[in-house]
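Chemist:
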Amino acid sequence: MAEGEDEIPDAPVEAEEDGHGAAPQPPQEAETGGEGAAEGADAAPAAAEGAAEEAPQEEAAPAAPTVGEGPGEAAIDLVILPEGYGQTKQINIDRPVGKIRGDLEAELSIPDKSLYLMNLSGAVEFKQVLPDDKTLRDLGLKPGDRAGIELRINYYQEQPAEEYVMPDMLDLKVVNEHGEEKMVTVHVQRPVMEKPYLGGFRNKVTDSMYHHAVTQTAPVQKKDVHTLRFHREAQTYEYRTRSTQCKRDNGTQMDKVGLYIDSRGDKTMEPRRPYFSSADKAALLLEKCVMIQCHARGMLARRRTRQLRQMRQERHELARKEAERRQLEADLRHKREVERRMHPRTFEDFSVLYKELEAWRVNEAARIQTSGFDEATRRAAQHELLRKETKLLQTIDKLKIQAHTSNRDAKIKSKLESMSQPKVWAQGDGETTTVHTPFTTRAKELMDLYSGLRLPLLTVDERLDVLLHVKWTVKEFDCNLTREMVDLIDREADMLNRGRPEKSFVGLRKRLANLFLQFIETPEFNPEAMKFQKVSREFYDQTGTHPLSTVPIKALGS
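Take full-length UniProt numbering: the last position of the sequence shown gets the number 558, and nothing is skipped along the way.
1) Beta-carbon separation of Asn119 and Glu83 under 8 Å?
2) Have a look at the DSSP bridge pairing and note the partners of Gln87.
3) Using DSSP with H/G/I as helix, E/B as strand and the rest coil, what is Lys142?
4) Please state whether DSSP places Ile261 in a helix, a strand or coil.
5) Count the other C-beta atoms from every protein chain shown that fall within 10 angstroms of the C-beta of Thr206, then say buried if there are 16 or more, exposed otherwise.
6) My output table needs one value for Arg240: the three-state DSSP class, helix, strand or coil.
7) Check for me: the beta strand (DSSP E) holding Phe126 runs from which residue to which?
8) Give a yes or no on whether the minimum CB-CB distance between Gly122 and chain C is below 8 Å.
9) How would you call Pro167, buried or exposed, if buried means at least 16 neighbouring beta carbons within 10 angstroms?
10) For Ala493, is the classification buried or exposed, using 16 other Cβ atoms within 10 angstroms of its Cβ as the cut-off for buried?
11) For Pro501, tell me which candidate among Leu457, Glu524, Asp465 and Glu484 has the shortest Cα-Cα distance.
12) If I follow the unbroken alpha helix (DSSP H) through Val338, where does it start and stop?
13) Do the segment 411 to 430 and the segment 527 to 535 make contact, defined as three or more Cβ pairs closer than 8 Å?
14) Taking a contact to mean a Cβ-Cβ separation below 8 Å, would you say Leu136 touches Ile93 in this structure?
15) Do you know whose CA, among His343, Glu287 and Ala513, lies nearest Lys400's CA?
16) So, for Gly148: in the same chain, excluding its five sequence neighbours on each side, which residues have a beta-carbon less than 6 Å away from its beta-carbon?
17) Quick check: what's the CA-CA separation for Asp429 versus Thr437?
18) Distance, Cα to Cα, Arg322 vs Phe126?
19) What do you get for Arg146, buried or exposed, if any count of 16 or more other CB atoms within 10 angstroms of its CB means buried?
20) Could you give the distance in angstroms between the alpha-carbon of Val470 and the alpha-carbon of Leu481?
21) On the CB-based measure, 16 or more other CB atoms within 10 Å of its CB, does Ser109 come out buried or exposed?
22) Please tell me whether, using a cut-off of 7 Å, the distance from the CB of Leu392 to the nearest non-hydrogen atom of the ligand MG is below it.
23) Whose C-beta lies closer than 7 Å to the C-beta of residue 597 among residues of the same chain, with five residues either side of it excluded?
24) Is Leu496 near Leu464, with beta carbons less than 8 Å apart?
25) Leaving aside the five residues before and after residue 561 along the sequence, list all residues of the same chain whose C-beta is less than 8 Å from its C-beta, in chain order.
26) Spatial neighbours of Val79 within its chain, please: C-beta separation below 6 Å, excluding the five flanking residues on both sides.
27) Put Ser371 into one of helix, strand or coil per three-state DSSP.
28) To which residues does DSSP link Trp425 through a beta bridge?
29) Taking the Cβ atom as the reference point for each residue, do Leu208 and Ile153 lie within a distance shorter than 8 Å?
30) Just how far apart, CA to CA, sit Val460 and Gly499?
31) Where do the ends of the beta strand (DSSP E) carrying His187 lie?
32) According to the neighbour-count rule (16 or more other Cβ atoms, all chains shown, within 10 Å of its Cβ), is Trp472 buried or exposed?
33) Quick check: the Cα distance between Leu141 and Arg304, rounded to an integer number of angstroms?
34) With respect to the alpha helix (DSSP H) encompassing Ser451, which residues constitute its N-terminal and C-terminal limits?
35) From the DSSP output, in three-state form, read off Pro527 for me.
36) Using only CA atoms, which one of Lys89, Glu194, Val188 and Glu105 lies nearest to Gly144?
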């Protein structure tokens, strides 16, 4: 194995999720043209790149929904979302939806009540979850119609939390001021009644209550020293006293004995407007006060209504965003689980695959033992189960090889990109400056050359141009590594000129790429590789690298 390769640990691999999460299903195995082709799948180049996975077929599986055509049947297109797997079945429209769902759950080997039938389309539209007590005829389907139903599987079923029961006595360890420990027994007094909720903080997600008002100390009641405000006597108003007295009032006399007053010039004066008494004024003030109060209360009510309406809208918007976020997280989590089983990469991914494969094997073995078959049939079923398990283990091994290659390429790419990153300098004002040094520029050029060597589907001229640039780069140094690389470059150029087929270059190009990667990881050729070394510097002093020799090197293509 060339330097720089990483072996992936013998880790279990996840099988493809077959549309559910509770009952594990095995990963799909590669399809072949026959038994002979299956035995040679490891040697064929096409099988080395990976094969389509085939879901294991169950022996003596439960009966599926009615498949034959009949007078009371309709063609139903069943689609599992979001995977998009589909199948068309002829289903009796007089069967309840609950029984159809149970048959599909038994066929898919998933737990009860984890499958949802929804969004009926086609001849009849029903954009909700189909009720279990209804039949397809009740929903509007007729014999011979064609419709589609979406299937959704609940992979994550919430388990009810166990109720905690506090014991009657608790033994607590207490440390006193002298550092001595002593055991204290605490007797728990259980409340005889549930305390009412009088206020505090309530968690909207978990419904937990904190700082309960019943358990709090009552606040100190302050004496009401409310001062009288807006009083007329407290206003800065200047009083003025004015008095009037007419001349007639001053000189008025009444008739009496011995005094005669001529009343022929007297006139009776009546006011032009009726007299406005104090009671009338009080009634008018009360009427105006009621009117002002009515308008003021209307204004306050409208303001409060606007606030409540805005709060309700914000609450609904927050709930909608939270529901969208949870749905998005659930979809992403489901896609991630499917991707882990389709394309495993890590140790944990392979562990899940092996665990699900083992669970499937145990389930199938138990089903065969309890099926009531005779000895010959049971032996044949066990033999078939062993064959399927072997094929699935071979598929997992192929996935491990693919994961090893992919992880190694990703690790090499990340390492080369880290070498070619510019230096970041911090300034006094808090800003940063990126600077490309000669060493980072050199690392960037070497990374581009390595990427060019790994590029497939290049023409002969493009490949020769890449080889020429690589040869110019390694000829700056003279050592065993560079001489071997120059020899490989000349050999590939000669084979290209001879028109050899592409498959004859696989081993040569892989060896050349590994040697050039070793060239990049050597600090004498790439100074930026120094900080990525994990061995002592003394080992690199024995590489025998020295300046360019005067010995002529055979030119490219000559």
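Ideal Cβ positions, reconstructed from N, Cα and C, are used throughout, including at glycine.
Modeler: Taking the coordinates as given:
1) Taking the sequence shown and counting its residues from 1, the one referred to as residue 119 is at position 119. Taking the sequence shown and counting its residues from 1, the one referred to as residue 83 is at position 83. Contact flag unset, no.
2) Along the sequence shown, one-based indexing puts residue 87 at 87. For Gln87, the beta-bridge partners assigned by DSSP are Leu78.
3) Taking the first residue of the sequence shown as position 1, residue 142 is located at position 142. DSSP, read as helix, strand or coil, puts Lys142 in coil.
4) The count along the sequence shown starts at 1 and reaches residue 261 at position 261. Under the three-state reduction of DSSP output, Ile261 falls in the coil class, being neither helix nor strand.
5) As a first step, residue 206 must be located in the sequence shown, where it is residue number 206. Exposed.
6) Counted from its first residue, the sequence shown places residue 240 at position 240. Three-state DSSP puts Arg240 in coil, outside helix and strand.
7) Counting from 1 along the sequence shown, the entry for residue 126 is found at position 126. Taken as a continuous stretch (DSSP letters only), the beta strand (DSSP E) holding Phe126 covers Phe126 to Val129.
8) The chain inventory of the structure shown lacks chain C, comprising one protein chain alone.
9) On the sequence shown, residue 167 is found 167 positions in, with the first residue counted as 1. Exposed.
10) Start at 1 with the first residue of the sequence shown, and residue 493 comes out as number 493. Taking all protein chains in view, the Cβ of Ala493 is crowded by 16 or more other Cβ atoms within 10 Å, so the residue is classified as buried.
11) By one-based count along the sequence shown, residue 501 stands at place 501. Pro501 has its Cα closest to that of Leu457, out of Leu457, Glu524, Asp465 and Glu484.
12) Working through the sequence shown from its first residue, we reach residue 338 at position 338. Val338 -> alpha helix (DSSP H) spans Ser278 to Met342.
13) With contact defined as three or more Cβ pairs closer than 8 Å, the segment 411 to 430 and the segment 527 to 535 are in contact.
14) Start at 1 with the first residue of the sequence shown, and residue 136 comes out as number 136. Start at 1 with the first residue of the sequence shown, and residue 93 comes out as number 93. Taking 8 Å as the cut-off, the beta carbon of Leu136 is found closer than this to the beta carbon of Ile93.
15) As a position in the sequence shown, residue 400 is number 400, starting the count at 1. Of the residues His343, Glu287 and Ala513, the one whose Cα lies closest to the Cα of Lys400 is His343.
16) Position 148 of the sequence shown, counted from the start, is the residue given in the question as residue 148. These residues qualify, in order along the chain: Asp77, Ser121 and Gly122.
17) Here residue 429 corresponds to residue number 429 of the sequence shown, with the count starting at 1. Here residue 437 corresponds to residue number 437 of the sequence shown, with the count starting at 1. So the two alpha carbons sit approximately 23 Å from each other.
18) Locating residue 322 in the sequence shown gives position 322, where the first residue counts as 1. Locating residue 126 in the sequence shown gives position 126, where the first residue counts as 1. Checking the sequence shown, residue 322 turns out to be Glu, not Arg. Distance between the alpha carbons of Glu322 and Phe126: 26 Å.
19) In the sequence shown, counting from the first residue as 1, residue 146 sits at position 146. The residue in question, Arg146, is exposed, as its Cβ has fewer than 16 Cβ neighbours within 10 Å.
20) The residue you call residue 470 lines up with position 470 of the sequence shown. The residue you call residue 481 lines up with position 481 of the sequence shown. Rounded to the nearest angstrom, the two C-alpha atoms are 13 Å apart.
21) Translated into positions along the sequence shown, residue 109 becomes position 109. Per the 10 Å Cβ criterion, buried.
22) This structure lacks the ligand MG; in fact it carries no ligand of any kind.
23) Examination of residue 597 is not possible in this model, given that the chain is present from 1 through 558 alone.
24) Taking the sequence shown and counting its residues from 1, the one referred to as residue 496 is at position 496. Taking the sequence shown and counting its residues from 1, the one referred to as residue 464 is at position 464. With respect to the 8 Å criterion, Leu496 and Leu464 are classified as neighbours on the basis of their beta carbons.
25) Nothing about residue 561 can be read from this structure; the chain reaches only from 1 to 558.
26) Indexing the sequence shown from 1 puts residue 79 at position 79. Closer than 6 Å at the Cβ level, and outside the excluded window around Val79, lie Gly86 and Glu150.
27) As a working note, residue 371 is residue 371 in the sequence shown. Reduced to three states, the DSSP call for Ser371 is coil.
28) As a first step, residue 425 is located in the sequence shown; it is residue number 425 there, counting from the start. Thr433.
29) The sequence position of residue 208 within the sequence shown is 208, counting from 1. The sequence position of residue 153 within the sequence shown is 153, counting from 1. In the sequence under discussion, the amino acid at residue 208 is Ser, which differs from the Leu named in the question. It is not a contact, given that the beta carbons lie outside the stated cut-off.
30) Start at 1 with the first residue of the sequence shown, and residue 460 comes out as number 460. Start at 1 with the first residue of the sequence shown, and residue 499 comes out as number 499. In this structure, the CA atom of Val460 is about 9 Å from the CA atom of Gly499.
31) Here residue 187 refers to the residue found at position 187 of the sequence shown. Its beta strand (DSSP E) spans residues Glu181 to His187.
32) For the purposes of this step, residue 472 is taken as the residue at position 472 of the sequence shown. Counting Cβ neighbours within 10 Å, Trp472 comes out exposed, since fewer than 16 surround it.
33) As a working note, residue 141 is residue 141 in the sequence shown. As a working note, residue 304 is residue 304 in the sequence shown. Distance between the alpha carbons of Leu141 and Arg304: 51 Å.
34) Mapped onto the sequence shown, residue 451 falls at position 451. Residues Pro438 to Arg454.
35) Working through the sequence shown from its first residue, we reach residue 527 at position 527. Helix, per DSSP.
36) Within the sequence shown, the letter at position 144 stands for residue 144. Among Lys89, Glu194, Val188 and Glu105, the Cα nearest to that of Gly144 belongs to Lys89.
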